[in-house]
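Letter by letter, the sequence shown follows residues -22 to -1, 1 to 444 in mature numbering (1 follows the signal peptide of the UniProt record, and there is no 0).
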Amino acid sequence: MIRTRNLLLSLTLGILAGASSALETAAQHYQHAQTLMASVHYDGNVFGTHVEIEGDLVIVRSGTRYATSDVPRTHIFQPSTEGIWEETHLIGYDDLLPPGDSFADRFTRGLYIGQETALSNGTIIIGQTFGDLGSHLDAVTFAELGEHGWQASKPGLKTPAMLEYSPGYTAPGRSVAISGETAIAGDTHGSRDGRSSDNEGVILVYEKDNSGQWRAEQLISPNNFGSFSMSQIGYSVDLSGDTAISITHPGSRIGAGTRSVGLYFFDRDSSGQWTQTDQFAFEAENRLPPPEEFTLLDSFRSGSIRLEGDVAVLRGVDESLIMTRTLQQAGGTPAKWEESTRLQGANSSSGRTVDIEGNILAIGMAGETGEPNRVELYRRDTQNSWNIFDTITSPDSDYDPFFGTSVSLDNGRLLVGAGPYLGTSEVPGAAFLFVNVPEPASAFLLVLSLALLAPKRTRRLVPHNR
């Protein structure tokens, strides 16, 4: 009996060891848990163009269809006592603009404010996109949950760093990112010291002070743009700890040939100063899309980059580029970023179509040209290779063409946006929540192995006294 048990144990351990990678892959599968929709749908809004989930907080952006007269909004969802996600607050342009404006000013400026959002530690940063704000520096808004509900506030801008800032027509907020008590906002047409903003762009750094007020403390710009054409930094940004990343505008969409896209990395030193530490150039194919494909730009587009620790992911039109940072050498050689993997995929659509959390990578595959529309999930193995382990499609066929316009990962959960960005659909848009569950096969083998490894009771023969 003991020999048989040992044999079974050896066989089971051999199977588990030999198929460890397969078990790890099978152990994670995402199942649909809930569909989130706006409590009130506004004509012209595109619910689901950007989604983020963190802890007990979900934000879903309602962007605007091109050439519509509505305004973007940010929907906040929180779980009820029963665990059901419910919309608890709506941030519209009334919350984002300074008091005293005329209705016409509020409406015109509201068309563009709220197009870009980001979430970290319960704080939401909201930016504006392509607004004719001129010298208005209050386009960035921070929203936090306080004693009296959600409160929106403007950052303090009368700081030494702002004295050299010259905003362009986009104003700060073309792209936004937040990590802890630091936030950044890109202005593709802004500059330092009033220099020509046609080929520059600038990134504003916001810090939260001891009083809880957000202040614009620094400006970031590259050391040089080289020969990049249309090099407007701040087109898309992301932030992770003491590292920031940004890409430049991919150039004109009209004409033939290629345009250079600049990718920049910045790091914060021990004194709190941000400096450029690395840069790359990529060739982006020029395109001339028809009007209904207005959101399609060149190889890399707004909101298509993610940064976490020493891994950066760039979502292109038909592929994703993964870059990793090498460790600093003992001899003082600085850490450098290098390309590690390229993942092929369907045409990208709108919003943040990639997210990374630890060793899990989610890529949205919503395309302008039809099927397949899905989200692919990859895992990084011990050899630093990324392998697909799950593919998710829309649980609602009405949203098949838009499923994957935005993705967000958080602690075993996946939130997928399905926003009808082309403006040709009557569906209002939705966000789908998926949760990670173990596969039955892996769960069975786990229980079996634990049972075989468990100590067995030995039966003792006790003399029977007659």
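Beta carbons are placed, not taken as given, at the ideal position from N, Cα and C, and that holds for glycine.
In the structure shown, the three-state DSSP call for P133 is coil. Between L355 and A340 a beta carbon distance of about 5 Å is seen, short of the 8 Å cut, so the two are scored as contacting. Per DSSP, the continuous beta strand (DSSP E) segment holding F410 begins and ends at A408 to V415. Of G41, G61 and I31, the smallest CA-CA separation from I54 is found for I31. Among the bridge pairs identified by DSSP, I223 is matched with D216 and F243. C-alpha of T360 to C-alpha of I69: approximately 43 Å in a straight line. Annotation for M301: the continuous beta strand (DSSP E) segment containing it runs E297 to R303. Each residue's CA atom was taken as its position, placing G407 and G395 some 8 Å apart.
Considering only I156, I211 and T95, the residue with the shortest C-alpha distance to D165 is I211. In the three-state reduction of the DSSP assignment, P398 falls in the coil class, being assigned neither a helical nor a strand state. In this structure T331 touches T383 by the C-beta definition: roughly 7 Å separates them, less than 8 Å. The C-beta distance from A409 to L14 rounds to 4 Å, short enough to meet the 8 Å contact threshold.
Counted as a single uninterrupted DSSP element, the beta strand (DSSP E) harbouring F55 occupies residues R51 to P57. Among the bridge pairs identified by DSSP, E317 is matched with M301. Minimum Cα-Cα distance from I102 among the listed residues L393, T319, V154 and N362 corresponds to V154. Within the DSSP bridge table, the entry for Q9 names V413 as partners.
Beyond the five residues adjoining it in sequence on each side, A163 comes within less than 6 Å, by CB distance, of G105, V118, P150, G151, V154 and L182 in the same chain, given in chain order. DSSP links Y356 through a beta bridge to L339 and I366. The beta carbon of D34 sits closer than 8 Å to those of Q56 and P57, all from its chain and outside the five residues before and after it, given in chain order. Taken through DSSP and simplified to helix, strand or coil, D333 comes out as strand.
DSSP places E125 in the coil class of the three-state scheme, outside both helix and strand.
Measuring C-alpha to C-alpha distances from T66 to each of V29, L123, T95 and F25 identifies L123 as the nearest. Check the Cα spacing between P398 and each of F25, T137 and R246: the tightest is with F25. Setting aside the 5 residues that flank it on each side, E335 is surrounded in the same chain by L387, each with a C-beta closer than 6 Å to its C-beta; the list follows chain order.
Taking A222 as the centre and dropping the five residues before and after it, the same chain places the C-beta of I162 and F244 closer than 6 Å to its C-beta, in chain order. Pairing R357 with V415, the inter-Cα distance amounts to about 16 Å. If you look at E195, you'll find it in the beta strand (DSSP E) that goes W192 to I198.
In this structure, A259 places its C-beta atom within 9 Å of the C-beta atom of L241. One Cα belongs to E317, the other to S224, and the distance between them is close to 16 Å.
Taking a 10 Å sphere around the C-beta of H167, we find 16 or more other C-beta atoms and assign the residue as buried.
Assigned with DSSP and collapsed to three states, D288 falls in coil, not helix or strand. Between the alpha carbons of P50 and S40 lies a distance of about 5 Å.
Note that the C-beta distance between V405 and G342 is not below 9 Å. Straight-line measurement puts the Cα of Y8 at about 8 Å from the Cα of R391. A Cβ-Cβ distance of about 6 Å is found for the pair D256 and K314, placing them in contact under the 8 Å criterion. W192 and D333 have their C-alpha atoms spaced approximately 26 Å apart.
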